[in-house]
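S.K.: Note that the sequence shown covers residues -25 to -1, 1 to 720 in mature numbering (1 follows the signal peptide of the UniProt record, and there is no 0).
Before anything else, here's the structure in question.
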Amino acid sequence: MRPRPRFRRVAFLPIPIAVADGVAAFATATPAGRTKQPNNGRPMKEVRQMAAHSPLDVHPDQTTTGPVPFCQQQQACKKNERVREEEKERPVGGGREGARSAVAERADARARRAGALPFGGKPPRHGHRGHRSFPWAVDAYKPWRPGFPCTHSLALPATGRIDTPSHRSHTQKGGPGEGMVWPARMTTMRGASAALLVTLAALAAVARAEDPYHWFEWKVTYGTRTIMGTPQKVILINDMFPGPTINCTSNNNIMVNVFNMIDQPLLFHWYVRCRSISVGWLFLHPLWIMDRSIIYRRVACRHGIQQRKNSWQDGLPGTMCPIQPNTNFTYHWQPKDQIGTFYYFPSIGMQRAAGAYGLITVHSRDLIPIPFDNPADDFPLLVSDWYTKDHTVLAKNLDSGKGIGRPAGLVINGKNEKDASNPPMYNVEAGKTYRFRVCNVGIKASFNMRIQKHSLKLVEMEGSHTVQNMYDSLDLHIGQCLSFLVTADQTPGDYLVVASTRFIKEVSTITAVIRYKGSNTPPPPQIPESPSGWAWSINQWRSFRWNLTASAARPNPQGSYHYGQINITRTIKLSTSKGKVDGKERYALNGVSHVDPETPLKLAEYFNATDGVFQYNLIGDVPPAAGTPLKMAPNVITAEFRTFIEVVFENPEKSIDTFHINGYAFFAAGYVYPRSWTAVMLTFDNAGMWNIRSNLWERHYLGEQLYVSVVSPARSLRDEYNMPETSLRCGKVVGLPMPPSYLPA
């Protein structure tokens, strides 16, 4: 006769994972991936049913070749909803034996003391809507939120995988998804060591668990939208402009299957924890200041997805082959140890001026609190300058040696007040607080953001929580994102959200509306004025501070960093310049105006096929003499892995120039303005091919950029992922044999 179960739990872990009927169960792989029935008496059918009760939207037996079609996603979601409804009628202990026993509660207490369970919490039930099942709230991610419907994403559990050859193409050996295994066979072990094994399993879950997956399927097409009163061709994603929001949690795996239905090659760049800095009239994206040996707590410079060890997915012409028309490609990336507000955009040519951009929100894991109360709602504000000319016309103008001129105006979330009787609207209730996530997704203009009669409490910038100061308005420069809280504490009515361009003679302004519930009062006619001058903006930036007492994706308990004690091994001076090449205007860094070769730089380097593609270090660490003619070529420099380097950006021009560094954090060490320089310091600890570019897209298009090749001499998976098996090939690397794989550390 089977004894009454004392502790019944299933978690999909690669070591001892469950105790049922006094038995410790192990998960081991069988040859050819076959699944055998465990010998502890539980049918495999029941194990699969229990797996279906997890937050999976795909059954383990389902075969998938990529993102599951929307219809199947809907079916999976409906099935999970039925499972959850059934579970409401079941006792927490598993359904047959009733409520949890005192033995199980004591086991939970031991697990908590070992760090495997959160204090005050219990192991979640299978099917919990919060997706906290595996491991037990250790690497949990947040529940689905409004605007993030089931039909847009599929999530795998913390250590789950659909074990089919088609899925393995996305989780190849050495890739970011390596190590995800469904339990293939269960053997058993009886005795007093069962509880110890469970504790060890829970501890291992922290270190070994794979992070959840989100699947997206995007169809990129052309469409016609009336913007600023002019019908024009824009680039749509799933018939949306702006594109769909990627809503995820720190360390989630993001899978985006992009179907290119336009008549041009296409790439998407994920603007997550790359870094930017403005030179000339200096506007540092979140700032650190170095004084002697200590870097004080100003906000860390960041505003893009860092792509740790994974420049393969960076989505730039120097790292990836483009997605050709009428083909598709699946991106796979992670916001590793990141939180905050970011965005994506198309990176080829001038496509960025035609739309196809969207918001990326990365939430903290549940065990890491945010330093403010949860807001009543999140409001996206994607502000962009806008040209009424088609993006192909803008590109032709630049190719012919002309400029693109000033933008025609601004848009918020793809709309302008000229386009409809109702501008962009945000509905609020009196007394509640709301979070506005604002990004400057434009190509040329900075802007100032403010709200009539409301104060803005800055809480997050470039992926860092900030000291929560109050502001009447905030400046945002190209590529920058931030979050502020607004409390609806005024007399109910309508109030204008105002954005105005900065540092240009002809100021453009756009408005949206905050509408209090039940309001029928129009906004006050007086629009709050924008600040003037660059000194105001610099002084505002000096007031920003990183909130070091708040948890981020990976908290820093020390408070200060002694980067001044690190030996600087190299100083690179990069000077911008403007000149003519063959009678056409070009921009350059240290005299070289970058052009993208047919073979992406990263692939040419990986396949050792750089001959005829590019040469390393055409520029030196010091700018050439004034008057040196510009040269057009791929601009690639090398940097030694894990060295601490100072980079000095020099801008001899009158205008602001904003620079962006992919793949790294940096610290601002000093600056002189205007028409001078800004110095930053960074550690090249992320192997790959990384872009440094002007964020002014006209300058970027005309060559003001370069790539930094950072190669780990160890050729180890500790430092860089292998080239994904699904990577597209083009140029000289087509047909070449795959180089030897990187070795485990």
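Built from N, CA and C at the ideal position, the CB exists for glycine as well.
As the structure is a computational prediction, the values presented were derived from the model and not from experiment.
Is the segment 310 to 325 close to the segment 367 to 387, with three or more CB pairs under 8 Å?
M.R.: yes
S.K.: How long is the line joining the alpha carbons of proline 500 and threonine 466, rounded to whole angstroms?
M.R.: Taking the first residue of the sequence shown as 1, we reach residue 500 at position 525. Taking the first residue of the sequence shown as 1, we reach residue 466 at position 491. Computed Cα separation, rounded: 16 Å.
S.K.: So for lysine 577, helix, strand or coil by DSSP?
M.R.: Looking up residue 577 in the sequence shown gives position 602. Lysine 577 falls in the helix class under three-state DSSP.
S.K.: Assuming threonine 658 contacts phenylalanine 624 (C-beta within less than 8 Å), just tell me the rounded distance between them.
M.R.: Counting from 1 along the sequence shown, the entry for residue 658 is found at position 683. Counting from 1 along the sequence shown, the entry for residue 624 is found at position 649. Not quite, the Cβ-Cβ distance comes to about 18 Å (not below 8 Å), so this is no contact.
S.K.: Check whether the segment 188 to 203 and the segment 379 to 399 touch, using three or more Cβ-Cβ pairs below 8 Å as the test.
M.R.: The segment 379 to 399 and the segment 188 to 203 touch, with three or more beta-carbon pairs separated by less than 8 Å.
S.K.: Which of the three DSSP states is assigned to threonine 367 in this structure?
M.R.: The residue given as residue 367 occupies position 392 in the sequence shown. Looking at threonine 367 - three-state DSSP - the assignment turns out to be helix.
S.K.: Can you name, in chain order, every residue of its own chain whose Cβ lies under 7 Å from the Cβ of valine 434, other than the five neighbours on each side?
M.R.: In the sequence shown, counting from the first residue as 1, residue 434 sits at position 459. Excluding positions up to five away in sequence, the list reads Phe347, His440, Thr441, Gln443, Ser458, Phe459, Leu460.
S.K.: Return yes when the Cβ of asparagine 697 is within less than 7 Å of the Cβ of serine 716, no when it is not.
M.R.: Taking the first residue of the sequence shown as 1, we reach residue 716 at position 741. Taking the first residue of the sequence shown as 1, we reach residue 697 at position 722. Against a cut-off of 7 Å, the Cβ pair of asparagine 697 and serine 716 comes out as a contact.
S.K.: Give me the DSSP bridge partner(s) of tyrosine 197.
M.R.: As a working note, residue 197 is residue 222 in the sequence shown. Answer is Ile210, bridged to tyrosine 197.
S.K.: Which residue spans inside the segment 458 to 521 form an unbroken beta strand (DSSP E) run of at least 3?
M.R.: Here the runs fully enclosed are 469 to 477, 484 to 491.
S.K.: Figure out for me which residue from Leu711, Gln680, Met713, Ala662 has the closest Cα to the Cα of leucine 692.
M.R.: As a first step, residue 692 must be located in the sequence shown, where it is residue number 717. That would be Ala662, whose Cα lies nearest to the Cα of leucine 692.
S.K.: Can you name the start and end residues of the alpha helix (DSSP H) that arginine 674 belongs to?
M.R.: The residue labelled residue 674 in the question sits at position 699 within the sequence shown. First-last of the alpha helix (DSSP H) with arginine 674: 672 to 676.
S.K.: May I have the straight-line CA-CA distance separating serine 494 from glycine 468, to the nearest angstrom?
M.R.: In the sequence shown, residue 494 corresponds to position 519, counting from 1. In the sequence shown, residue 468 corresponds to position 493, counting from 1. Cα to Cα, the separation comes out at about 5 Å.
S.K.: I'd like to know whether the C-beta atoms of methionine 656 and tyrosine 682 end up nearer to each other than 7 Å.
M.R.: Here residue 656 refers to the residue found at position 681 of the sequence shown. Here residue 682 refers to the residue found at position 707 of the sequence shown. No, the Cβ-Cβ distance between methionine 656 and tyrosine 682 is not below 7 Å.
S.K.: Assign proline 382 to buried or exposed, taking buried as 16 or more other Cβ atoms, counted over all protein chains shown, within 10 Å of its Cβ.
M.R.: Looking up residue 382 in the sequence shown gives position 407. Buried: at least 16 other Cβ atoms inside 10 Å.
S.K.: Suppose the cutoff is 6 Å on Cβ atoms and the five residues either side in sequence are ignored; what does the same chain contact list for methionine 445 look like?
M.R.: If you number the sequence shown from 1, residue 445 lands on position 470. Residues Ser430, Lys432 of the same chain have their beta carbon placed closer than 6 Å to that of methionine 445, with the five preceding and five following residues left out of the count.
S.K.: Verify whether the separation of the beta carbon atoms of residue 770 and tyrosine 562 is less than 7 Å.
M.R.: There is no way to answer for residue 770, as the model of the chain reaches only from -25 to 720.
S.K.: If you reduce the DSSP assignment to three classes, tell me which class arginine 617 lands in.
M.R.: For the purposes of this step, residue 617 is taken as the residue at position 642 of the sequence shown. Correct three-state label for arginine 617: coil.
S.K.: Given a threshold of 16 other Cβ atoms within 10 Å of its Cβ, counted over all protein chains shown, does aspartate 557 qualify as buried or as exposed?
M.R.: Taking the first residue of the sequence shown as 1, we reach residue 557 at position 582. Classification for aspartate 557: exposed.
S.K.: Which term fits threonine 224, buried or exposed, when burial requires 16 or more other beta carbons within 10 angstroms of its beta carbon?
M.R.: Working through the sequence shown from its first residue, we reach residue 224 at position 249. Label assigned to threonine 224: buried.
S.K.: List the residues that DSSP assigns as beta-bridge partners of glutamine 680.
M.R.: Counting from one through the sequence shown, the residue named residue 680 turns up at place 705. Glutamine 680 is bridged to Arg668.
S.K.: I'd like to know whether the C-beta atoms of leucine 471 and glutamine 540 end up nearer to each other than 7 Å.
M.R.: Within the sequence shown, residue 471 is the residue found at index 496, counting from 1. Within the sequence shown, residue 540 is the residue found at index 565, counting from 1. The answer is no: Cβ separation not under 7 Å.
S.K.: For leucine 718 and valine 416, I'd like the C-alpha separation in whole angstroms.
M.R.: The sequence position of residue 718 within the sequence shown is 743, counting from 1. The sequence position of residue 416 within the sequence shown is 441, counting from 1. Going from the Cα of leucine 718 to the Cα of valine 416 covers about 39 Å.
S.K.: For the segment 564 to 571 and the segment 594 to 608, state whether three or more C-beta atom pairs, one from each stretch, are separated by less than 8 Å.
M.R.: yes
S.K.: Restricting to Cα atoms, I'd like to know which of Pro321, Leu356, Pro350 is closest to lysine 407.
M.R.: Start at 1 with the first residue of the sequence shown, and residue 407 comes out as number 432. Measuring from the Cα of lysine 407, the nearest candidate turns out to be Pro350.
S.K.: Does the Cβ of leucine 711 have 16 or more other Cβ atoms within 10 Å, making it buried, or fewer, making it exposed?
M.R.: Taking the sequence shown and counting its residues from 1, one reaches residue 711 at position 736. Leucine 711 is exposed by the Cβ-count criterion.
S.K.: Span of the beta strand (DSSP E) holding isoleucine 426?
M.R.: As a working note, residue 426 is residue 451 in the sequence shown. Residues 421 to 426.
S.K.: Are the beta-carbon atoms belonging to proline 300 and aspartate 352 less than 7 Å from one another?
M.R.: Taking the first residue of the sequence shown as 1, we reach residue 300 at position 325. Taking the first residue of the sequence shown as 1, we reach residue 352 at position 377. Contact: no.
S.K.: Classify glutamate 404 as buried or exposed, calling it buried when 16 or more other Cβ atoms lie within 10 Å of its own Cβ.
M.R.: Counting from 1 along the sequence shown, the entry for residue 404 is found at position 429. Burial call: exposed.
S.K.: My understanding is that serine 552 touches phenylalanine 616, with C-beta atoms under 8 Å, so please give their C-beta distance in whole angstroms.
M.R.: Position 577 of the sequence shown, counted from the start, is the residue given in the question as residue 552. Position 641 of the sequence shown, counted from the start, is the residue given in the question as residue 616. That pair is no contact at about 30 Å.
S.K.: Just the Cα atoms here: how many angstroms apart are isoleucine 210 and alanine 720?
M.R.: For the purposes of this step, residue 210 is identified with residue 235 of the sequence shown, where counting begins at 1. For the purposes of this step, residue 720 is identified with residue 745 of the sequence shown, where counting begins at 1. Answer to the nearest angstrom: the Cα atoms are 43 Å apart.
S.K.: In chain order, what residues of the same chain have a beta carbon less than 7 Å from the beta carbon of threonine 462, not counting five sequence neighbours either side?
M.R.: Counting from 1 along the sequence shown, the entry for residue 462 is found at position 487. Here the set comprises Thr408.
S.K.: Under 7 Å, do residue 733 and valine 488 count as touching if we go by C-beta distance?
M.R.: The structure shown does not extend to residue 733, since the chain spans only -25 to 720, so no value can be given for it.
S.K.: With burial defined as no fewer than 16 other Cβ atoms inside 10 Å of the residue's Cβ, what is the status of arginine 120: buried or exposed?
M.R.: One-based indexing of the sequence shown puts residue 120 at position 145. For arginine 120, the predicted structure reports a pLDDT of 34, less than 50, and the residue's modelled location is therefore unreliable. A value from the coordinates is still provided. Under this definition arginine 120 is an exposed residue.
S.K.: Measuring only the C-alpha atoms, how far is residue 723 from glutamate 673?
M.R.: Summary: the structure shown does not reach residue 723, with the chain confined to residues -25 through 720, and so no result is reported for it.
S.K.: State the beta-bridge partners of valine 413 as determined by DSSP.
M.R.: Residue mapping note: residue 413 aligns to position 438 of the sequence shown, counting from 1. DSSP, once it has assigned bridges, lists Leu356, Leu457 as partnering valine 413.
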